[in-house]
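Working notes for the structure below.
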Amino acid sequence: MDAEELAARWRERLESWAIPAEILAKAPADPWSHSPQRFGTRTDLALAAPDDGPTALRLAEALPEGGTLLDVGAGAGASSLSLHGRIGHLYAVDTSRAMLDELTARAEKVAVPVTTVEGRWPDVADRVPVADVTVCAHVIYNVPDLADFLRALDSRTKGRVVLELTHRHPMSWMTPLWQHFHGVDRPVRPIAEDCVALAAALGYAVQVEEREAPLERFDSLEELAESACRRACLDPARADEVAATALELGMWPVPRDRWVTIWWE
1 MDAEELAARW RERLESWAIP AEILAKAPAD PWSHSPQRFG TRTDLALAAP
51 DDGPTALRLA EALPEGGTLL DVGAGAGASS LSLHGRIGHL YAVDTSRAML
101 DELTARAEKV AVPVTTVEGR WPDVADRVPV ADVTVCAHVI YNVPDLADFL
151 RALDSRTKGR VVLELTHRHP MSWMTPLWQH FHGVDRPVRP IAEDCVALAA
201 ALGYAVQVEE REAPLERFDS LEELAESACR RACLDPARAD EVAATALELG
251 MWPVPRDRWV TIWWE
């Protein structure tokens, strides 16, 4: 299967994750939203105890001392700022100004010069210079036009491109709750292997490493229930019911994800 066919299949599979319109219309909060403060906490953890997993290792060995690093979908900088001792300049791209503000505050604390670009990749690719190394962590499942996205990452990188993503869609853990509360079956794909296949079809000499996620998804059953209410478009007042259901369905504790690192020169 060629790159065009694989890209079309990726888009189709990703679109199947759309929440049914009649359920979305009743959602009390945006089910796809993320908390900048929570992302900031993750960055603080990464700075306090730098990860030694494959993504961090592949970035560190490729980034020259004082080199330029491009972080696409940067969030609050958890995947890039832990390399602060090597970074000469960080270019951070994200659709959320609040996320970029969290990143900037932390970059100042670790003395990393940073240029932030608010916008969607690859629409804003021409607003950043070609970097020595590029990282894109936990963004791919938000990207319908994956071929164009990967091509832009490659074209703005002199050295190595490093991707990190969960093996399955990050909302896969909620499948039993969607079936229980809405009678809706959630998709199985796309998965990380689909991204690998597309990157290879684009001509990149991809290498792949996999590991267990270093962090638990939730610190408590209450935190799970709060998140599940938002993600499944349920009233927050049903959190106790959601927690009880998660226990009945054997969903607690939530198994750790498998994280996949994909990289090429």
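Quick note on numbering: the sequence shown equals residues 1 to 265 in the numbering used here.
We treat Cβ as the ideally placed atom computed from N, Cα and C, and that holds for glycine.
Self-check item: CA nearest to the CA of V72, picked from F181, P129 and L249
Solution: P129
Exercise. Please confirm whether G40 and E102 have their CB atoms less than 9 Å apart.
Key: yes
Quiz item: Cα-Cα, which of L165, L63 and S35 is closest to E209?
Solution: L165
Exercise. Helix, strand or coil for W173, going by three-state DSSP, please let me know.
Key: helix
Exercise. Pull up the CB-CB distance for V93 and G119, whole angstroms please, since I reckon it's below 8 Å.
Key: 7 Å
Quiz item: Terminal residues of the continuous beta strand (DSSP E) containing G73?
Solution: In this chain, G73 is not harboured by any beta strand (DSSP E), its DSSP state being neither H nor E.
Exercise. Tell me, please, which residues DSSP counts as bridged to A92.
Key: D71 and T116
Quiz item: Measuring CB to CB, does H64 end up less than 9 Å from R38?
Solution: Note that residue 64 is Pro in the sequence shown, not His. Result no, Cβ atoms of P64 and R38 do not sit closer than 9 Å.
Practice problem: Please go through the same chain and pick out, in chain order, the residues whose beta-carbon is closer than 6 Å to the beta-carbon of W252, but skip the five residues on each side of it. | Solution: L221 and A246
Exercise. Pick out whichever of C136, E15 and D194 has its Cα sitting closest to the Cα of L69.
Key: C136
Quiz prompt | Pick from A46, E12 and P190 that is closest to H169, judged by C-alpha positions | solution = P190
Quiz item: Nearest to A3 by alpha carbon, out of R217, L202 and D235?
Solution: L202
Quiz item: Are W121 and A199 closer than 9 Å when you measure CB to CB?
Solution: The Cβ atoms of W121 and A199 do not sit closer than 9 Å to each other.
Quiz item: According to DSSP, is I23 helix, strand or coil?
Solution: Of the three classes helix, strand and coil, the one that applies to I23 here is helix, per DSSP.
Exercise. Starting from the Cα of A62, find the closest Cα among H34, V133 and V112 and give me that residue.
Key: When only C-alpha atoms are compared, the closest one is V133.
Practice problem: Express the C-alpha separation of L100 and T115 in angstroms, rounding to a whole number. | Solution: 10 Å
Quiz item: Mind checking if P20 is an interface residue toward chain B, Cβ cutoff 9 Å exclusive?
Solution: This model lacks chain B altogether, as it is built from one protein chain only.
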